[in-house]
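Some notes on the structure that comes next.
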Amino acid sequence: MNESKNEIENRKKDHLKIVCDEDVNYQRVSTGFEDYHFIHNALPEIDLKDVDVSTDFLGYQLNLPLMITSMGGGENQGKSLNRGLAKAANSEKVALGLGSIRPALNNPKAISSYAIAREYAPDIPIIANLGAAQLSSSLASKNLSKLLKDIGVDAISIHLNPLQEALQPGGDTSFKGVGRAIEILIDTISLPIIVKEVGFGLSVNVVKRLQKIGIEWVDIAGAGGTSWARIEEKRINNKFYKKVAKEFFE
Ligand SMILES: Cc1cc2nc3c(=O)[nH]c(=O)nc-3n(C[C@H](O)[C@H](O)[C@H](O)COP(=O)(O)O)c2cc1C
384 MNESKNEIEN RKKDHLKIVC DEDVNYQRVS TGFEDYHFIH NALPEIDLKD
434 VDVSTDFLGY QLNLPLMITS MGGGENQGKS LNRGLAKAAN SEKVALGLGS
484 IRPALNNPKA ISSYAIAREY APDIPIIANL GAAQLSSSLA SKNLSKLLKD
534 IGVDAISIHL NPLQEALQPG GDTSFKGVGR AIEILIDTIS LPIIVKEVGF
584 GLSVNVVKRL QKIGIEWVDI AGAGGTSWAR IEEKRINNKF YKKVAKEFFE
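Numbering (the numbering used here), first residue to last: 384 to 633.
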């Protein structure tokens, strides 16, 4: 679907406002982490200050094995959001994923809203992001490699979000050929590629299919945090489609 620059920017603005102002977390379905309990070790034989959770990621030393995942970008609020996140991530030495670079693909004015992250975060890995549904056209445009270089990223993540796009007013629901597009991306760019979801999770079956294609890194982004059905439901006006979105809240 061909969307105007303004439509994409407005949607990003809506998403940010909704997650700030409303409770859009899953209410009943959880991560499942509560099913796991560590057995307490009363005889640890270690000094707490020697516990080291630092790690190497994409060639950088991080204080924690933690990544802030893709959220912002684009001409309006995107720049200040990425500046703030980059400052915080760099000072805490954790990795940073940028929001979808779709607005920058056809609008050079939007590039600085992503490139600003590298300016404020020289010491951490920065990961670009793009939707799988937009991947085929982006590869065809041949601008992608140059754009990733201009933004100064260390990797790219591709988001699979078919349910979000289906619920989203004006969503891009053309997921046919996405697997092949990811395969082509692997051959086209030399950066590491992460495939992620946006909160509905990646099943074992999907991860196995990605592995077969040649994907080595995934961000499962499963249930228990943000529910995109809840976010999109707030943006829908039509009664029937609101009801459909509600069916997917959990
Ligand atoms: C405001 C907002 C914008 C987001 N934009 C993107 C995006 O552009 N690309 C993407 O892959 N994921 C995007 N996400 C999804 C997050 O990267 C993450 O996968 C999702 O929120 C699930 O993690 P959580 O449960 O910890 O929130 C966005 C999330 C939020 C809250």
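All residues carry an ideal CB built from backbone N, CA and C; glycine is no exception.
- Remark: the C-beta of Lys-617 is outside contact range of ligand 1, defined as less than 8 Å to any heavy atom.
- In this structure, Gly-584 keeps its C-beta atom at 9 Å or more from the C-beta atom of Asn-408.
- Counting along the chain, the unbroken alpha helix (DSSP H) around Leu-546 starts and ends at 545–550.
- Annotation: the continuous beta strand (DSSP E) that includes Thr-438 extends over 438–440.
- Collapsing the DSSP output to three states places Gln-460 in coil.
- Contact between His-542 and Glu-599 is ruled out by a C-beta separation of about 17 Å, above the 8 Å threshold.
- In this structure, Ser-540 places its C-beta atom within 9 Å of the C-beta atom of Ile-576.
- Within the DSSP secondary-structure output, Ser-540 pairs in a beta bridge with Asn-512, Ile-577.
- For Asn-489, the number of other beta carbons within 10 angstroms of its own is below 16, and it is reported as exposed.
- Check the Cα spacing between Val-402 and each of Phe-631, Gln-444, Arg-613: the tightest is with Arg-613.
- For Thr-571, the three-state secondary structure derived from DSSP is helix.
- Annotation: the continuous beta strand (DSSP E) that includes Gln-444 extends over 443–445.
- Asp-435 and Ala-606 have their C-alpha atoms spaced approximately 29 Å apart.
- By the C-beta criterion, the region 430–448 is judged not to be in contact with the region 404–419, since fewer than 3 inter-stretch pairs fall below 8 Å.
- The nearest non-hydrogen atom of ligand 1 is less than 8 Å from the C-beta of Glu-580.
- Note that the C-beta distance between Ala-469 and Tyr-443 is not below 9 Å.
- For a cut-off of 8 Å, the C-beta gap from Leu-481 to Ile-509 is around 7 Å, short enough to register as a contact.
- Residue environment: Arg-501 is assigned as buried (16 or more neighbouring CB atoms within 10 Å of its CB, all protein chains considered).
- Residue pairing of Gly-480 in beta bridges, as defined by DSSP: Ile-510.
- Between Ile-569 and Gly-535, the alpha-carbon positions lie close to 18 Å from each other.
- Between ligand 1 and Ser-540, a heavy atom-to-CB distance of less than 8 Å is present.
- Here Glu-458 is buried: its Cβ has 16 or more other Cβ atoms, across all protein chains shown, within 10 Å.
- By the neighbour-count criterion, in which 16 or more other beta carbons inside 10 Å mark a residue as buried, Ile-429 falls on the exposed side.
- Put simply, of Lys-532, Arg-563, Leu-479, Lys-476 the residue whose alpha carbon is nearest the alpha carbon of Ala-516 is Arg-563.
- Here the alpha carbon of Leu-449 sits roughly 15 Å from the alpha carbon of Ala-538.
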